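Numbered according to our numbering, the sequence shown spans residues 1062 to 1206.
Heads up, the beta-carbon is just placed ideally off N, CA and C, and yes, glycines get one too.
All values derive from a computational prediction rather than experimental measurement.
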Amino acid sequence: MGWFYPVLWLALMILFVIAEASTVQLVSIWLAAGSLAALIPAMLGMPLMVQIIVFLVVSAVCLIFTRPFVKKVLAVKKVNTNADRTIGEIGLVTETIDNTLESGRVMVDGLSWKARASDDSVLEAGTRVQVKEIHGVTLTVEKAV
């Protein structure tokens, strides 16, 4: 049994690294670190219970203390699209906006957009509106002041 536990921890570490590479969720990598740490007492011939405790403690510490930092560093920044420039612009209702009928269109900067009213009011064609939000290809608008 002298070689079994070190090989087991090494195999687990490799499996966790492969799992992390497959999922990229920043969970399995900390288990791989715990497996690497448990490999040390296994190579020193310490009891299995000591190895398991080392694995659990190191994995938990890595997960709790480093995951938030690593997620912040690796966070993907939101890239604004050209459509985001539409927010705050003034447009003209070309088809009456009625949220209950799920109808309405607005012309903003020469482009026709599907539109919804921010306050569920009915906005008649010809009404000037201001764009408040954009969700996909639908603008959320309110009557311009």
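Supposed close pair residue i, residue j - CB separation, criterion 8 Å
i        : j        : result
Val-1154 : Glu-1185 : 7 Å
Val-1192 : Gly-1152 : 6 Å
Arg-1177 : Ile-1158 : 7 Å
Met-1110 : Ser-1096 : In fact, because the Cβ distance is near 16 Å, the residues do not count as touching under 8 Å.
Val-1115 : Ala-1098 : 5 Å
Ser-1089 : Ala-1080 : 4 Å
Trp-1091 : Leu-1124 : 4 Å
Val-1210 : Val-1206 : Here the chain comprises residues numbered 1062 to 1206, so residue 1210 is not present and cannot be evaluated.
Among the options, the one whose alpha carbon lies nearest that of residue i
i        : options                                : result
Lys-1133 : Leu-1073, Leu-1069, Leu-1087, Tyr-1066 : Leu-1087
Val-1183 : Gly-1171, Ala-1205, Asn-1160, Ala-1121 : Asn-1160
Val-1198 : Val-1206, Glu-1156, Ala-1144           : Ala-1144
Met-1107 : Gly-1063, Thr-1127, Leu-1124           : Gly-1063
Asp-1181 : Leu-1162, Thr-1188, Arg-1189           : Leu-1162
Ile-1195 : Ala-1205, Glu-1150, Thr-1188           : Glu-1150
Leu-1100 : Trp-1070, Met-1168, Val-1118           : Trp-1070
Leu-1030 : Ser-1179, Leu-1200, Thr-1188           : There is simply no residue 1030 to check, as the chain begins at 1062 and stops at 1206 in what is shown.
Gln-1112 : Trp-1174, Lys-1175, Tyr-1066, Gly-1187 : Tyr-1066
Arg-1146 : Val-1078, Val-1169, Val-1137           : Val-1169
Thr-1188 : Ser-1179, Ser-1120, Glu-1156           : Glu-1156
Note to self: Going residue by residue through the region 1133–1204, where are the continuous alpha helix (DSSP H) segments of at least 4 residues, counting only ones entirely within it?
What the structure shows: none
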